[in-house]
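**Student:** The structure that follows is given in the form of structure tokens.
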Amino acid sequence: MTTDGANANDRMRTDLAFRCEQCGHRWYYTRGRCPDCGEEEVTTDELGVGELLASTRVDVTPEDVRSPNRLGLVAFDDVQVIAQLDGEGVSVGDRVTFSGEHTLREGDEQTHPRLTPVATAE
Amino acid sequence: MTAFESEADRSILELGRLAAERALSDAACEPSDVASLHVGNALAGELNAQAGIANALVSRLGVEGARADRVENTSASGASAIHRGVEAIAGGADVALVVGVEKMSGGETAAVTESISRLVHEREYAQGLTLPSFAGIAADAYLDRYDVPREALATVAVKNHENAVHNQFAQFRTSVTVEEALESPVIAAPLRLFDCCSMTDGAAAVVLSREGDVSVEGVAGATGTHAVAARPDPLKITSVRTAGERAFARTACDRDDVDVACIHDAFTILELLELEELGFYDAGTAWRATQAGETALDGQLAVNPGGGLKARGHPLGATGVSQIVELVWQLRGDAPTARQVPGEPETGLAINVAGFGNNSVCTVLSG
């Protein structure tokens with residue numbers, strides 16, 4: 007399938023990355039082709055466990071977004087993601103994974119997992 | 135240029151007209167001289183119900199017959215319009231008029247926030263990410279990686295506010311102290327209110343021709359990734375680095391020649407990161423230089439003598455043009471004494487950044 011197909015099938019679940027069918031390269035932020043080999047055919051891949059590199063707590067948020075909105079930059083091996091953090095007790099260097107079902111923006115029809123410390127997720 | 139203010143009485147077209155007529159007067163040009171009009175604007179359609187703003191300005195200014203276009207590159211629309219004007223001159227136009235204009239008060243705050251938040255990648259938007267979110271994450275990483283005191287970010291705001299006190303066109307002509315900056319409300323931790331630019335109305339304009347007392351030595355643009363997290367390092371803004379390298383490659387100048395710089399400080403952390411990406415300072419050291427006064431008006435590299443986006447204001451499409459106007463004043467020695475860079479500066483640099491580094495334009499001027 008293409009990235010558009012993957013988006014339609016998986017509803018952009020936050021815990022999935024794209025993986026190139028041809029060379030296996032992974033990326034998270036939707037693009038039309040594999041950035042390494044140019045292949046259009048992709049599959050999806052669960053991100054697993056990553057490390058929190060940096061975080062912020064945003065107090066001034068859009069109307070349909072929680073406030074404060076805690077966000078983390080996480081490295082999942084070769085893929086980096088910024089996503090909502092669940093809970094307060096997570097620090098730079100902690101291991102995190104996507105877990106739970108949450109409404110990320112009011113009005114969303116679907117729920118998605120948030121970044122959660124591995125110990126909590128287990 | 136016009137005054138930059140929170141809520142201008144004039145319409146977006148009148149702001150553009152006023153700035154353009156002031157620039158034409160300064161250059162001793164008539165509207166009939168204008169062969170090419172380039173309007174930097176980001177959100178006139180969304181916020182001001184003004185589609186076709188370049189064509190509308192043609193008649194307001196009386197430049198019918200000129201080639202005209204609107205240039206949209208979000209927060210860097212102004213510098214992209216300058217770039218387009220330089221290309222027009224290179225392509226044979228005798229006089230190009232560049233106008234940057236934005237009236238952000240034309241929309242409700244929520245509408246403006248929504249429009250700007252749509253700049254981000256769709257998977258970032260799904261998480262509620264906004265531009266301050268990226269700045270907060272970058273600031274957190276910078277403070278942590280280089281063991282930087284939080285006061286260092288506040289020092290940027292203090293410097294730029296102090297410069298704006300003496301800028302009659304600035305939105306915020308008030309000094310702030312480090313303590314006030316550190317006690318202001320949190321926007322995106324560790325960034326607070328005084329680390330962030332505001333919403334602004336205003337316009338700026340310049341006239342480009344083959345003759346003049348200030349020259350465009352080089353202008354160049356470069357793009358980066360759309361998604362910020364897709365970059366290998368949150369403290370690297372490749373578009374800024376590449377635009378700077380390309381601009382310098384088109385000049386006989388080097389970093390050491392630059393006397394004054396207008397840096398896109400939409401957030402205080404960006405002033406530090408951009409100074410490092412442009413090669414003025416090594417990674418992780420711009421904060422020390424700032425605290426040591428090296429980027430003050432009388433420092434070895436005066437940065438944002440007009441107050442920057444932080445205090446002069448940030449009317450998206452006008453910002454890049456206002457940076458060039460400020461540099462022209464500085465290189466001519468025409469700035470008010472209280473904020474004129476001393477020592478007769480000869481070389482100036484501007485960096486105007488779209489999004490959080492999606493697309494940057496660097497311009498080097500000599501006077």
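Line by line, the protein sequences give chains P and F. Here the first sequence is numbered in the numbering used here, starting from 7 and rising by one per residue. Here the second sequence is numbered in the numbering used here, starting from 135 and rising by one per residue. Quick reminder that beta carbons are idealized off the backbone N, C-alpha and C, glycines included.
Nearest CA to the CA of P:PHE24: which residue from P:GLU112, P:GLY95, P:GLN86?
**Tutor:** As a first step, residue 24 of chain P is located in the first sequence; it is residue number 18 there, counting from the start. Minimum Cα distance to P:PHE24 is reached at P:GLN86.
**Student:** Anyone know if the C-beta pair for F:ALA157 and F:VAL290 falls short of 7 Å?
**Tutor:** For the purposes of this step, residue 157 of chain F is taken as the residue at position 23 of the second sequence. For the purposes of this step, residue 290 of chain F is taken as the residue at position 156 of the second sequence. No, Cβ-Cβ distance for F:ALA157 and F:VAL290 is not below 7 Å.
**Student:** With burial defined as no fewer than 16 other Cβ atoms inside 10 Å of the residue's Cβ, what is the status of P:ARG63: buried or exposed?
**Tutor:** Here residue 63 of chain P corresponds to residue number 57 of the first sequence, with the count starting at 1. Buried, since its Cβ has 16 or more Cβ neighbours within 10 Å.
**Student:** Hey, how far is the Cα of F:GLY226 from the Cα of F:ARG218?
**Tutor:** Here residue 226 of chain F is taken as the residue at index 92 of the second sequence, counted from 1. Here residue 218 of chain F is taken as the residue at index 84 of the second sequence, counted from 1. Going from the Cα of F:GLY226 to the Cα of F:ARG218 covers about 13 Å.
**Student:** Within 10 angstroms of its Cβ, does P:ASP16 collect 16 or more other Cβ (buried), or is it exposed?
**Tutor:** Taking the first residue of the first sequence as position 1, residue 16 of chain P is located at position 10. Its pLDDT being 49, under 50, P:ASP16 is placed unreliably by the model, and nothing is read from it.
**Student:** Based on the DSSP secondary-structure assignment, which residues constitute the bridge partners of P:GLN86?
**Tutor:** As a working mapping, residue 86 of chain P is identified with position 80 in the first sequence. According to DSSP, which records beta bridges pairwise, P:GLN86 is partnered with P:ALA81.
**Student:** For a contact meaning CB atoms closer than 7 Å, what does F:ALA361 contact in chain P?
**Tutor:** Residue numbering aside, residue 361 of chain F sits at position 227 when the second sequence is read from its first letter. Those are TYR35, listed as they occur along chain P.
**Student:** Which runs of the alpha helix (DSSP H) at least 4 residues long sit entirely within the stretch 411-452 of chain F? Give them in chain order.
**Tutor:** Counting only runs of 4 or more, we get 420-425, 442-446.
**Student:** If we ignore side chains and look at the alpha-carbon of each, how far apart do F:GLY346 and P:ASP21 end up?
**Tutor:** Here the question's residue 346 of chain F lines up with position 212 in the second sequence. Here the question's residue 21 of chain P lines up with position 15 in the first sequence. Going by the C-alpha atoms only, they are around 57 Å apart.
**Student:** Against P:PRO68, what residues of chain F qualify as contacts under a CB-to-CB distance less than 8 Å, listed in chain order?
**Tutor:** If you number the first sequence from 1, residue 68 of chain P lands on position 62. Near P:PRO68 (Cβ distances below 8 Å), the residues of chain F are ALA244, THR247, GLU248, SER251, GLY262, THR264.
**Student:** Here's the rule I'm using: 16 or more other beta-carbon atoms within 10 Å means buried, otherwise exposed. How should P:GLN90 be labelled?
**Tutor:** As a first step, residue 90 of chain P must be located in the first sequence, where it is residue number 84. The residue in question, P:GLN90, is buried, as its Cβ has 16 or more Cβ neighbours within 10 Å.
**Student:** So is F:ARG103 buried or exposed if we call it buried at 16+ other beta carbons inside 10 Å?
**Tutor:** A question about residue 103 of chain F goes unanswered here, because the residues of chain F that appear run from 135 up to 501.
**Student:** Which residues mark the beginning and the end of the beta strand (DSSP E) in which F:ALA337 is found?
**Tutor:** Taking the second sequence and counting its residues from 1, the one referred to as residue 337 of chain F is at position 203. From DSSP, the beta strand (DSSP E) with F:ALA337 extends over 335-343.
**Student:** Are F:ARG194 and F:SER170 closer than 7 Å when you measure CB to CB?
**Tutor:** Within the second sequence, residue 194 of chain F is the residue found at index 60, counting from 1. Within the second sequence, residue 170 of chain F is the residue found at index 36, counting from 1. No, Cβ-Cβ distance for F:ARG194 and F:SER170 is not below 7 Å.
**Student:** Does DSSP classify F:HIS255 as helix, strand or coil?
**Tutor:** Here residue 255 of chain F is taken as the residue at index 121 of the second sequence, counted from 1. DSSP places F:HIS255 in coil when its eight states are reduced to three.
**Student:** Where does F:ASP281 land, buried or exposed, given buried means 16+ other C-beta within 10 angstroms?
**Tutor:** As a working note, residue 281 of chain F is residue 147 in the second sequence. Exposed, since its Cβ has fewer than 16 Cβ neighbours within 10 Å.
**Student:** Quick one: which residues of the stretch 97-116 of chain P get their C-beta closer than 9 Å to a C-beta of chain F? List them in chain order.
**Tutor:** Residues passing the 9 Å Cβ filter: VAL98, LEU110, ARG111, ASP114.
**Student:** Below 8 Å, can you find three or more Cβ-Cβ pairs linking the stretch 230-239 of chain F to the stretch 451-469 of chain F?
**Tutor:** Yes: at least three Cβ pairs fall under 8 Å.
**Student:** Say whether the stretch 246-266 of chain F touches the stretch 367-377 of chain F, bearing in mind that this needs 3 or more beta-carbon pairs closer than 8 Å, one atom from each stretch.
**Tutor:** Verdict: no, contact absent.
**Student:** Please confirm whether P:ASP16 has its beta-carbon closer than 7 Å to some beta-carbon of chain F.
**Tutor:** Here the question's residue 16 of chain P lines up with position 10 in the first sequence. Bear in mind that a pLDDT of 49 at P:ASP16, under 50, signals an unreliable position, so the model cannot answer this.
**Student:** So, is F:ALA386 buried or exposed, given that buried needs 16 or more other C-beta atoms within 10 angstroms?
**Tutor:** In the second sequence, the residue the question calls residue 386 of chain F occupies position 252. The residue is exposed, with fewer than 16 neighbouring Cβ atoms inside 10 Å.
**Student:** Would you mind sorting P:GLU115 into buried or exposed? The rule is 16 or more other CB atoms within 10 Å of its CB.
**Tutor:** One-based indexing of the first sequence puts residue 115 of chain P at position 109. Flag for P:GLU115 reads exposed.
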